[in-house]
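Q:
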Amino acid sequence: MMKVNIRTLLAAGTLGAAAVVQMSVAAGTDPETGQPKQSVGEYASDALITTKVKAAFVAEKGLSPLNIAVETQDGVVRLSGEVDTAEQSEQATRVARGIDGVKDVENLIKVKNG
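In this text, residue positions in the sequence shown follow the numbering used here: the first is 467, and each later residue adds one.
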């Protein structure tokens with residue numbers, strides 16, 4: 467019988483719910499021009515990239531999607547949050563760069579006591 471890690475199960479459920487919310491929220495408008503910031507297709511693509519990055523964090527030993535926030539705009543992934551070690555921060559960047567559709571990664575993750 468397979469043991470299920472409760473933390474992993476909760477993270478996966480949270481990611482699934484976040485993906486649904488992201489896909490249902492409007493892409494937003496530029497306050498200066500009143501024009502959409504992104505087309506619906508671009509927004510959906512960015513939301514999919516964000517979801518794939520978070521899912522990859524769930525599968526990656528040593529990374530927690532609960533500690534790292536992921537935002538994507540125009541294929542550029544921005545990581546923020548706080549991790550225990552510089553290696554975890556670097557690992558998050560490597561994982562994000564490995565996701566199909568990612569053009570670049572901005573790592574704003576802070577290292578605790580670092």
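Where a beta carbon is used, it is the ideal one built from N, C-alpha and C, also for glycine.
Please go through the same chain and pick out, in chain order, the residues whose beta-carbon is closer than 7 Å to the beta-carbon of arginine 544, but skip the five residues on each side of it.
A: The residues are Glu537, Glu572 and Leu574.
Q: In or out: serine 546 buried (at least 16 other Cβ within 10 Å) or exposed?
A: Label assigned to serine 546: exposed.
Q: CA-CA distance, glycine 564 and glycine 541?
A: Roughly 13 Å separates the two Cα atoms.
Q: In whole angstroms, what is the alpha-carbon distance linking leucine 514 and valine 568?
A: Computed Cα separation, rounded: 11 Å.
Q: With DSSP collapsed to three states, give me the class of lysine 518.
A: Lysine 518 falls in the helix class under three-state DSSP.
Q: CA-CA distance, glycine 559 and phenylalanine 523?
A: It should be pointed out that residue 559 corresponds to threonine in this sequence rather than to glycine. Their Cα atoms are separated by approximately 10 Å.
Q: Any idea if aspartate 570 is buried or exposed, counting beta-carbon neighbours within 10 angstroms, 16 or more meaning buried?
A: With fewer than 16 other Cβ atoms within 10 Å, it is exposed.
Q: From which residue to which residue does the beta strand (DSSP E) around glutamate 537 run?
A: Its beta strand (DSSP E) spans residues 534–539.
Q: Looking at C-alpha atoms only, which residue of Asp512, Ser511, Gln539 and Glu556 is the closest neighbour of glutamate 526?
A: Nearest C-alpha to glutamate 526: Glu556.
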